[in-house]
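**Student:** Sending over a structure as structure tokens; questions will come in a sec.
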Amino acid sequence: MEIRLRNLKRNYGSLHAVDDVSLDIPSNTVYGIIGRSGAGKSTLVRLVSMLEKPDVGEVYYDDKRVDNLSKKELIEERRKIGMIFQNFNLFSSRSAEDNIAYPMEICHMDKEYIRKRTAELLSLVGLEGRGKAAISTLSGGQKQRVAIARALAVNPSILFCDEATSALDPQTTRAILALIKEIQKKMNLTVVMITHQMEVVRDACDRVAVLDAGHIVEEGTVSDIFSSPKSAVTKDFLSSLTTVHDSVVRWSKEGGHYTLRFRGTKTDEPIISTVSRETGAIFNIRAAGVQNVDGEELGIMITDIGPDAGTAERAVALLRENGVTVEEEA
Ligand SMILES: Nc1ncnc2c1ncn2[C@@H]1O[C@H](COP(=O)(O)OP(=O)(O)OP(=O)(O)O)[C@@H](O)[C@H]1O
Ligand SMILES: [Mg+2]
């Protein structure tokens, strides 16, 4: 199901938590929304998932407007939505299978159907045979698997994930993201992934919107955003990624005036030596690495360029001519 947002606004007093947001979230994708704490991500999700009404603007699921529905229609439309959260929101007194069965019970589904469907969902999320387990005995990753199964119980078309992996360690995060991607394909879901971590965008999303102070500052495919970020906020998110990610090796904390981003085939070409030879520039590389983004190799290099400003300028111009994105530290 496609989701379209038109000029959404939500104010709390004088605070514009969501400020004129328009987005097209295509069906059958994992769509990331990234932003710092307080950017308005959760507020936006509450508007899109019909938990809260916008002050201004419209929300459409396919061609149906859903932000102004009557209570009865709202209940009907909300069946199309599954949600998972950072803190899992499970019933700790119920077993895994009873948690998964819960949404089907409130829809008064047939007992035998519920039993079958619960077993099916447990195996879908990799918890076959663990249905009787008490929630308190499960690990964080296993709890999130139960929460995913519960969210999918009534066959939604949209899955909202609000910081779904923020409480998990990196390895478990990767496993849960892989599961969400797999389920997205299997069930033709539209997944909306809210996060403050660029790793999550890189590892799970097809497209991403960057939210800052209630505004969308940038939107595009994940490989476009990673290879040529435009807004300062996006660059900031990416720089936190390059210093922590293990595939980027930093030799020195000092220096590194220029950040170079190479895309696709460019990573194979001896572009640095060509530029060096043609301009006489000297590259003092401080950090470099390759990340895999959506099946595409993206190279990144943090470097100083010498021996003088004029040469550096010519080198940067030539790099840009060759399709390398160059950012200069302010
Ligand atoms: N019910 C509310 N009443 C008043 N202010 C609110 C309410 N909900 C959110 N806000 C404010 O709106 C702004 C956006 O909050 P929101 O929870 O959407 O941010 P977020 O991007 O989800 O942040 P985080 O990453 O910390 O979860 C914040 O300044 C917050 O304090
Ligand atoms: Mg939030």
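Note that the sequence shown ends on residue 341 in the working numbering; no numbers are left out. Every residue, glycine too, gets a C-beta built ideally from N, C-alpha and C.
Can you find a heavy atom of ligand 1 that lies under 6 Å from the Cβ of A50?
**Tutor:** The residue labelled residue 50 in the question sits at position 39 within the sequence shown. A50 Cβ: within cutoff of ligand 1.
**Student:** Among P318, F273, V286, which one has its Cα closest to the Cα of V301?
**Tutor:** Within the sequence shown, numbered from 1, the residue matching residue 301 stands at position 290. Closest option to V301, Cα to Cα, is F273.
**Student:** By a C-beta neighbour count over all protein chains shown, 10 Å radius and 16 as the cutoff for buried, is C396 buried or exposed?
**Tutor:** Nothing in the structure corresponds to residue 396, since the chain is present only between 12 and 341.
**Student:** Which parts of the region 161-213 are runs of the alpha helix (DSSP H), unbroken and 4 residues or longer, counting only runs that do not cross its ends?
**Tutor:** 181-198
**Student:** Answer yes or no: the CB of S53 versus the heavy atoms of ligand 2, is any distance below 6 Å?
**Tutor:** Working through the sequence shown from its first residue, we reach residue 53 at position 42. S53: yes, Cβ under 6 Å from ligand 2.
**Student:** Please name the residue or residues paired with E98 in a DSSP beta bridge.
**Tutor:** Translated into positions along the sequence shown, residue 98 becomes position 87. Correcting the residue identity first, residue 98 is Asn in this sequence and not Glu. In DSSP, N98 forms no bridge with anything.
**Student:** Let's test the definition: count the other Cβ atoms within 10 Å of the Cβ of Y23 and tell me whether it reaches 16, buried, or not, exposed.
**Tutor:** Stepping through the sequence shown from its first residue, residue 23 is reached at position 12. Exposed, because fewer than 16 other Cβ atoms sit within 10 Å of the Cβ of Y23.
**Student:** Do H27 and ligand 1 come close, with the Cβ less than 6 Å from some heavy atom?
**Tutor:** The count along the sequence shown starts at 1 and reaches residue 27 at position 16. H27 Cβ: outside cutoff for every heavy atom of ligand 1.
**Student:** With a CB to CB cut of under 8 Å and the five nearest residues on each side skipped, what residues in its chain are close to M61?
**Tutor:** Position 50 of the sequence shown holds residue 61. Residues of the same chain with a CB within less than 8 Å of the CB of M61, apart from the 5 flanking positions on each side, are V70, V77, D78, L80, L85, E88, R89, I92 in chain order.
**Student:** Check for me: the beta strand (DSSP E) holding M312 runs from which residue to which?
**Tutor:** Taking the sequence shown and counting its residues from 1, the one referred to as residue 312 is at position 301. From DSSP, the beta strand (DSSP E) with M312 extends over 307-317.
**Student:** With a threshold of 7 Å between beta-carbons, can K64 be considered close to chain D, or not?
**Tutor:** Annotation note: the requested chain D is absent from the structure, which comprises a single protein chain.
**Student:** What are the start and end residues of the beta strand (DSSP E) that includes E230?
**Tutor:** By 1-based counting over the sequence shown, the position of residue 230 is 219. Segment 226-232, the beta strand (DSSP E) holding E230.
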